[in-house]
Structure formats: structure tokens, C-alpha cells
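Asks:
There are 2 protein chains.
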Amino acid sequence: MRADQLETPVAVVDLDRLNANIERLQAYLNQHRIGNRPHIKTHKIPAIAHMQLNAGAIGITVQKIAEAEVMADAGIRDMFLPYNILGQAKLERLMHLTRRVSLSVSADSQTTVAGLAAAARREGACLPVLVEFDTGTGRCGVQTPQEAADLALYIVRQDNLRFTGVMAYPSNENTDAFVAALREILAHHGVAIEVVSGGGSPNMWNAHAYKEVTEHRAGTYVYGDRSLVNVGALKQDEVSFHVLATVVSRPTADRAILDAGSKTLTSDKSRGAEGYGLILEYPDAMINNLSEEHGWVDLSACRRKPEIGERVTILVNHCCVVNNMFNEVVGLRRGEVEVVWPVAARGLLT
Amino acid sequence: MRADQLETPVAVVDLDRLNANIERLQAYLNQHRIGNRPHIKTHKIPAIAHMQLNAGAIGITVQKIAEAEVMADAGIRDMFLPYNILGQAKLERLMHLTRRVSLSVSADSQTTVAGLAAAARREGACLPVLVEFDTGTGRCGVQTPQEAADLALYIVRQDNLRFTGVMAYPSNENTDAFVAALREILAHHGVAIEVVSGGGSPNMWNAHAYKEVTEHRAGTYVYGDRSLVNVGALKQDEVSFHVLATVVSRPTADRAILDAGSKTLTSDKSRGAEGYGLILEYPDAMINNLSEEHGWVDLSACRRKPEIGERVTILVNHCCVVNNMFNEVVGLRRGEVEVVWPVAARGLLT
Numbered sequence: 001m002r003a004d005q006l007e008t009p010v011a012v013v014d015l016d017r018l019n020a021n022i023e024r025l026q027a028y029l030n031q032h033r034i035g036n037r038p039h040i041k042t043h044k045i046p047a048i049a050h051m052q053l054n055a056g057a058i059g060i061t062v063q064k065i066a067e068a069e070v071m072a073d074a075g076i077r078d079m080f081l082p083y084n085i086l087g088q089a090k091l092e093r094l095m096h097l098t099r100r101v102s103l104s105v106s107a108d109s110q111t112t113v114a115g116l117a118a119a120a121r122r123e124g125a126c127l128p129v130l131v132e133f134d135t136g137t138g139r140c141g142v143q144t145p146q147e148a149a150d151l152a153l154y155i156v157r158q159d160n161l162r163f164t165g166v167m168a169y170p171s172n173e174n175t176d177a178f179v180a181a182l183r184e185i186l187a188h189h190g191v192a193i194e195v196v197s198g199g200g201s202p203n204m205w206n207a208h209a210y211k212e213v214t215e216h217r218a219g220t221y222v223y224g225d226r227s228l229v230n231v232g233a234l235k236q237d238e239v240s241f242h243v244l245a246t247v248v249s250r251p252t253a254d255r256a257i258l259d260a261g262s263k264t265l266t267s268d269k270s271r272g273a274e275g276y277g278l279i280l281e282y283p284d285a286m287i288n289n290l291s292e293e294h295g296w297v298d299l300s301a302c303r304r305k306p307e308i309g310e311r312v313t314i315l316v317n318h319c320c321v322v323n324n325m326f327n328e329v330v331g332l333r334r335g336e337v338e339v340v341w342p343v344a345a346r347g348l349l350t
Numbered sequence: 351m352r353a354d355q356l357e358t359p360v361a362v363v364d365l366d367r368l369n370a371n372i373e374r375l376q377a378y379l380n381q382h383r384i385g386n387r388p389h390i391k392t393h394k395i396p397a398i399a400h401m402q403l404n405a406g407a408i409g410i411t412v413q414k415i416a417e418a419e420v421m422a423d424a425g426i427r428d429m430f431l432p433y434n435i436l437g438q439a440k441l442e443r444l445m446h447l448t449r450r451v452s453l454s455v456s457a458d459s460q461t462t463v464a465g466l467a468a469a470a471r472r473e474g475a476c477l478p479v480l481v482e483f484d485t486g487t488g489r490c491g492v493q494t495p496q497e498a499a500d501l502a503l504y505i506v507r508q509d510n511l512r513f514t515g516v517m518a519y520p521s522n523e524n525t526d527a528f529v530a531a532l533r534e535i536l537a538h539h540g541v542a543i544e545v546v547s548g549g550g551s552p553n554m555w556n557a558h559a560y561k562e563v564t565e566h567r568a569g570t571y572v573y574g575d576r577s578l579v580n581v582g583a584l585k586q587d588e589v590s591f592h593v594l595a596t597v598v599s600r601p602t603a604d605r606a607i608l609d610a611g612s613k614t615l616t617s618d619k620s621r622g623a624e625g626y627g628l629i630l631e632y633p634d635a636m637i638n639n640l641s642e643e644h645g646w647v648d649l650s651a652c653r654r655k656p657e658i659g660e661r662v663t664i665l666v667n668h669c670c671v672v673n674n675m676f677n678e679v680v681g682l683r684r685g686e687v688e689v690v691w692p693v694a695a696r697g698l699l700t
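Those protein sequences? They're chains A and B, same order as listed.
To convert, note that position 76 of the first sequence is 76 in my numbering; the numbers rise steadily by one, no gaps.
Remember, my numbering sits 350 above the position in the second sequence when you count from 1.
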């Protein structure tokens, strides 16, 4: 079947470009001796995770226990879960996972560490834990090297935990200084930092600039999207992921309506770009509004305009959340359907 | 099991409130002799659609053929699909549906009508079609009563289609004038308007003000959300749908991080309200940013602040898109889990 026979809206992945994106980042990280630990939250598809591992990744990154469970079922054996896991039920699932995969987690508080320690003790396991630090993002993470040291030493004091290092998202210009300061404090206590896990796709080609970073977690790079193109991390013709949609209405001379709305494209915007995606065939068109199953397109800047029934290709603003809207992603090779992948870990929010 | 034992993030529905919302709108529409044709896009759950029908709805509204297929499989027999259906594959599925359910569709162009007519001819069916008109929303729909009349007459000329009326979203102050003008034009051709289908939840208690409207399509009213509360269509303590989340990090005195991000709450904003949802236990807190699995909360305006591990209840901005992020919704009665409903039609985008 050809791509133009697929019913829309549909998420398609060009398999050659997908493979090229996987190989390109792997080669770069290999060259700089940085471990590649791709984040599977972007695709949530075991087959793509296996492609990443086969290319040379040292393991994967997952953001939810449920994602880890799906990937474990698919035979993947090395995972990092950079998330504060709290609560009896989740801690129990985490421990069950440690029976079948090599798993490390992160923490940014004594509360999280205490829970992990108690669960690991009950399990009789030894769980590797990284301290998350904040390099200015303003999300999770301890705020200072001293706080990081205090938490690291607290982990060291737990019998069933092993302090293995630190992590941040994304890697940035503050990363090295933070880690160096932390290393100095910890050295007084005879504690070493084995792993410094950095991350991000927008900054991926700069990963070698952060000398302390030992492994890199990138997600979006496998697909690419408008945001990644806009920051120059990927060229538009390297993007492997698109949404195909159909023009279902042309109510006025300057308006088209697509069969892709917020339940397909999501309401995520792209920094530095207007609208809810770029229509490749009509780059002057603007997807200026979404309702749940309709994309509203302003054609006033277009010389040529699409007709009712015409199919278009959308470069999405943010591929991770758009991939997450689909139950399946269709893999294409030179425009021919080669594989249909269930988005196995989507909707598994715990 | 009690709600506080559920792993987070989780979507919960208070069954008593759900039932009350269904009964309240039904009673109002009954009182004004307006047909109730609720839109199931909000919940995508057959059991809730059956509750709506049992309360007195004349049928349901669906937005996708796949939604119609799921509801048909669940035994629902009367549906309106207010969408321009285009393309061979979709038209064939539409016709297959007409074999087992009473189904009407909308159209706003001759292209759509011609496709419907050809498909109905091949099927040997007679498909009811409503003309969609635009009352100022700027989405789909013909622009003038004359255009509506031309399209209605085009439908009338098709052997296998039946012109049954018109539809708009939402019903508003332009609806009556548009329909009256159209009726006058069509009267000259001996064509009657049987059905005038209006819609919307924000305006639902005003449905009786639009005298031409014979049936009303509301979706959000079963659950309610921050948007519906903000426009005064539902009280906050009538909202049946919430997301339960957990505080997973407190990196600074004024910041909390929740385990609900854009893959849970979506990036939809609520008109007239800031942030990505309202935390009921901390109404002065502001969910001011989302990443995929983290909600960033500014606590600077809060006197009392949540601790790590504490669970919170989120009134979401837009329940339709949030419900759509979950594979399951948990039905609670007085805080006790009574039922777990698969969101049967979610992710079915065609």
C-alpha cells in the first residue's frame, strides 16, 4: 500500500530517515566517547528502541514505570528512569522490574530516597540512584552542589541503594561547573561520581562541550519536528515523522479546514514559529486554530490553494506529544507502507 | 478500593455527579421540547453514552467514523456524524455503518455531497444529510443562506440522499435569522427543513432562546471542566471529572512538581483563566508550565504548601482532550472505585 492510500489523519515515519537519524547521533556520541541513552518517550515503540540499541546505545531512558514495563516485555534490559518514584504501589512495581532488567532511577529529595531505600530493603535488592540537579531549567532537581552532596551522602548511607552519579535536563553551560563543585565536596567523603547523565535533542550536537557528561539522553532526534528544525538541530528534509491530513472543507477563499485538530496535532506550540504545524505543500498557509478534530488554516498568504479532498503533509510542532495521540504509527519506505507499529506504551501514564 | 489508593496520574469520574449532569440537561431540554443528541467525543465511553440515552437522549453525536463504529458495536443505534466525510475508504466504512445504525451526516460542499451520493448509490442506501452552516465561528459551514439553499437543493437532486435539515456549531444569536432566511428560499422550491441541529455546552442553558433549533448537541456537560465553570454553565461542585496527581518534587520553597504534564493535562488553556488546571486543594497555586510528564506549580501565592508525596485533585482546563489522554477512566461513588471504563474510542482518529 502507498502512503496516499492511508486514511487520514495518520502518523507516518520514513524508515530511511529514522534510521539515518539514529545512526547520525550514535556516530557523533561514539566519536566523543559519550554513552548514548536515548529517551523512548518520543516514540514509545519497542521496535524503534531496539533500532537505537542495535546502533550502539548503552541502554534506554524511560519516563514512566509503565513505559519501562512495556520495554522490558519487549526484551530491553538496561534502563534509566529519571523520575522521583513515590508511593507503595509504584515502588513495588519498580522493584519487580529490577528482577528482570538493569534499572537505575533518579531522586531529588530525601523523601524519594527514603521510599526507594525501604522498597529496595524489602526486595533485598541494591538499586542504583542518581541525584537530579537543576541547571536553571526550573523543573525538578536539587538547587546547589551542597544540596546534591547532602543527598548523595544520604543515598550512600542507605544499605540497599547505590549512589552512581547525577543527572540533569537538559545539559547546558552550568552543568560542568555544578558537577565539578559537587565532585570536590564528595571527594572529601571518598565518594565518586561514576555517571553524569545529560540530555536533550535541541542541544545534542553540543553534547561534547559539556566535559563532565558521560552519557546523553536525547528523545526527539529519532523523528524530528518543527521545533528541532527551528533551532537548527535537524534539517527539514531529515525529519522522519509527519502527520498526513486531508482538506475537508474550504468554506471561504482564504480558509481551509483539515481533519487534524487538537486530538491529533495537540495544542503544543513551537518556539519561534506560529501556528500548530507547518503544511509542507503550502508553507505560506497558517494552521492558526484547532478544535478537537478540525485544523483551521488561513490561506490568505498562499498563491496556490488546496482543494477539498486534497491531502497534505504536516511537519508537527512537537513530535513526542503528537506521536502520543496515535494508537499506531505507519512506517514508510520510499512512500510504501512497510510496517505498522502500535504505540505500545502510549496512554500508560503511571 | 478508595480513590486515594489509585496510582496517579489518574482520571476519575464521580458517578453521582455524572448522573446528575446527564439528568439536569435532559430535564431542561425536555422542558423546552428540544431533542437531546449528546456528543460522545467528550467521554468516548459506551457506558456513558448509554446513560445519556437511558435518560432520554434521542441519539448521540459522533465526530469520527471510528467513534461511530465503537458506539455501534456497543449497541447504539441512532447517530449523527457532523463531519465532511471524504475519500473512498471512509465512504465505504460510512455505508457499512448505515447497515446497522440509523446514521445522518453533514456536508458543507458539493464535493462532499457528490462523494456521499456516489457511495450511497453504490450501497443502494438513502443517506440523510444536513447542511452545515457557519454562524460566525469561522470553522466549517456554508457562509450564507443562499449557499445553504444551493447545497440543500443539490442534495435534494441526488437520488440516494435525503436533505433533512441544517446544523451549526455552536448555536448562537445568528442561528435563527440564518435558518429563517434559508427556510424562505427553500419554500419556493417546496423543500422543508426538518431538523435544525445546534450545539455547545457553554451555551446549553440558553438553547431554548434559539427558536429554530430542534435538537441540541452538547458534549462537555457530562463531565464539566474549568472552562465550563468559568463561563458559569456548571458550578465547580457539579464537575464530575478530575485528574488526581501526586507532588513528586519540591525543589524550592515556592515550587512543586506534579506527576501530570502535557501528556496528561494537555497544553489546552482555559479562556479567562491562567495555567493548565486548578488544584482544588491549593486554589492559590498556579500550574504555570508543563513538560510531558511534569506539571510545574508556582506556590508563591499559597500560604499552606503541599509536601512531597501529597496527592492533589486537578480541575482540568478542557475535559474532552484530557479524557482522551487516558486509556481508562475510573468511576467513583462517594470516593470508592465502582467501575473502570476503557476509553473505548480514544486514539481512533479516522
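Heads up, the beta-carbon is just placed ideally off N, CA and C, and yes, glycines get one too.
Please read these numbers as outputs of a predicted model, since none were measured by experiment.
Among all the DSSP beta bridges, which residues are the ones paired with D604/B?
Replies: Answer is none; D604/B lacks a bridge partner.
Asks: Do G582/B and A568/B count as a contact pair if the criterion is CB distance below 8 Å?
Replies: In this structure, G582/B does not lie closer than 8 Å to A568/B by Cβ.
Asks: Buried or exposed: which applies to Q413/B, given that a residue is buried once 16 or more other Cβ atoms fall within 10 Å of its Cβ?
Replies: Flag for Q413/B reads buried.
Asks: Does the beta carbon of D500/B sit closer than 8 Å to a beta carbon anywhere in chain D?
Replies: Here the protein chains are A and B, and chain D is not one of them.
Asks: Mark P170/A as exposed unless 16 or more other C-beta atoms lie within 10 angstroms of its C-beta, in which case mark it buried.
Replies: Classification of P170/A: buried, given that the 10 Å Cβ count is 16 or more.
Asks: Check the Cβ-Cβ distances between S352/A and every residue of chain B, and say whether any is below 8 Å.
Replies: Lying before the first or after the last residue shown, residue 352/A is absent from chain A, which here runs from 1 to 350.
Asks: Could you compute how far the alpha carbon of D587/B sits from the alpha carbon of E473/B?
Replies: Straight-line Cα distance between these residues: approximately 49 Å.
Asks: With 8 Å set as the bound, which would you pick, yes or no: does the beta-carbon of E686/B sit closer than that to a beta-carbon of chain A?
Replies: Chain A, which has no Cβ nearer than 8 Å to the Cβ of E686/B, makes this no.
Asks: Compute the Euclidean distance between the alpha carbons of L349/A and S249/A, then round it to the nearest angstrom.
Replies: Approximately 35 Å, taken between the alpha carbons.
Asks: Looking at chain B, is there any beta carbon in it that lies within less than 8 Å of the beta carbon of M286/A?
Replies: So no, M286/A is outside the interface.
Asks: Assign Q381/B to one of two classes, buried (16 or more other C-beta atoms within 10 Å of its C-beta) or exposed (fewer than that).
Replies: Exposed: under 16 other Cβ atoms inside 10 Å.
Asks: Check whether the Cβ of R217/A lies closer than 8 Å to any Cβ atom in chain B.
Replies: Not closer than 8 Å to any Cβ of chain B, the Cβ of R217/A fails to qualify, so no.
Asks: Any chance the segment 59–79 of chain A sits against the segment 554–574 of chain B, with 3 or more Cβ pairs inside 8 Å?
Replies: Contact fails: fewer than three Cβ-Cβ distances are below 8 Å.
Asks: Indicate whether at least one CB of chain B lies closer than 8 Å to the CB of R139/A.
Replies: Taking Cβ atoms only, chain B reaches closer than 8 Å to R139/A, which makes this a yes.
Asks: Identify the residues that DSSP records as bridge partners of A11/A: which are they?
Replies: Paired residues: V243/A.
Asks: Check A405/B in the structure and name its three-state DSSP category.
Replies: In the structure shown, A405/B sits in a helix (DSSP, three-state: H, G or I).
Asks: Check whether chain A comes within 8 Å of P601/B, counting only Cβ atoms and requiring the distance to be less than that.
Replies: Interface residue, yes.
Asks: When you compare the segment 323–331 of chain A with the segment 302–310 of chain A, are there three or more beta-carbon pairs, one atom per stretch, that lie closer than 8 Å?
Replies: These segments do not touch.
Asks: List in chain order: all unbroken beta strand (DSSP E) runs of 3+ residues lying wholly within the segment 368–456 of chain B.
Replies: Counting whole runs of 3 or more residues, the segment 368–456 of chain B contains the beta strand (DSSP E) stretches 428–431.
Asks: Rounding to the nearest angstrom, what Cα-Cα distance links S106/A and N84/A in this structure?
Replies: So the two alpha carbons sit approximately 6 Å from each other.
Asks: Within its chain, find whatever has a CB closer than 6 Å to the CB of E482/B; leave out the 5 residues flanking it on each side and keep chain order.
Replies: Result list for E482/B: S456, D458, C490, G491, M517, in chain order.
Asks: Check this for me: beta carbons of T525/B and Y573/B, under 8 Å apart or not?
Replies: It is not a contact, given that the beta carbons lie outside the stated cut-off.
Asks: Between L440/B and chain A, is the shortest Cβ-Cβ distance under 8 Å, so that the two count as touching?
Replies: Strictly speaking, residue 440/B in this sequence is Lys, with Leu absent from that position. At least one chain A Cβ lies under 8 Å of K440/B.
Asks: Check F676/B in the structure and name its three-state DSSP category.
Replies: Here F676/B sits in coil by DSSP.
Asks: Would you say W646/B lies against chain A (beta-carbon separation less than 8 Å)?
Replies: Chain A, which has a Cβ nearer than 8 Å to the Cβ of W646/B, makes this yes.
Asks: What are the partner residues of P342/A, as DSSP defines its beta bridges?
Replies: Per DSSP, E328/A.
Asks: Within 8 Å (strictly less), CB to CB, does I607/B reach chain A?
Replies: Yes - at least one Cβ of chain A is within 8 Å of the one on I607/B.
Asks: Give the residues from the segment 669–694 of chain B that approach chain A closer than 9 Å (Cβ to any Cβ), ordered along the chain.
Replies: Answer set for the segment 669–694 of chain B: C670, V671, N674, M675, F676, N677, E678, V693.
Asks: Thinking C-alpha only, which one of D618/B, G515/B, C652/B, A695/B is nearest P633/B?
Replies: Measuring from the Cα of P633/B, the nearest candidate turns out to be C652/B.
Asks: Helix or strand or just coil, what does DSSP make of E482/B?
Replies: Residue state, collapsed to three classes: strand.
Asks: Measure the C-alpha to C-alpha separation of H189/A and D150/A and round it to an integer number of angstroms.
Replies: In a straight line, the C-alpha of H189/A is about 11 Å away from that of D150/A.
Asks: Evaluate H330/B with the Cβ neighbour count: other Cβ atoms within 10 Å of its Cβ, from every protein chain shown; 16 or more gives buried, anything less gives exposed.
Replies: Summary: the structure shown does not reach residue 330/B, with chain B confined to residues 351 through 700, and so no result is reported for it.
Asks: Taking the continuous beta strand (DSSP E) assigned at T462/B, which residues delimit it?
Replies: From DSSP, T462/B is part of no beta strand (DSSP E) but of the alpha helix (DSSP H) over 460–473.
Asks: Check whether the segment 2–21 of chain A and the segment 328–341 of chain A touch, using three or more Cβ-Cβ pairs below 8 Å as the test.
Replies: Yes, the segment 2–21 of chain A touches the segment 328–341 of chain A.
Asks: With a threshold of 7 Å on Cβ separation, who are the neighbours of D351/A within its own chain once the five nearest residues in sequence on each side are excluded?
Replies: Only positions 1 to 350 of chain A appear in the structure, and residue 351/A is not among them; the question remains open.
Asks: In terms of alpha-carbon separation, which member of R93/A, K305/A, E336/A, T266/A lies closest to D254/A?
Replies: Residue K305/A is the option with its Cα nearest to D254/A.
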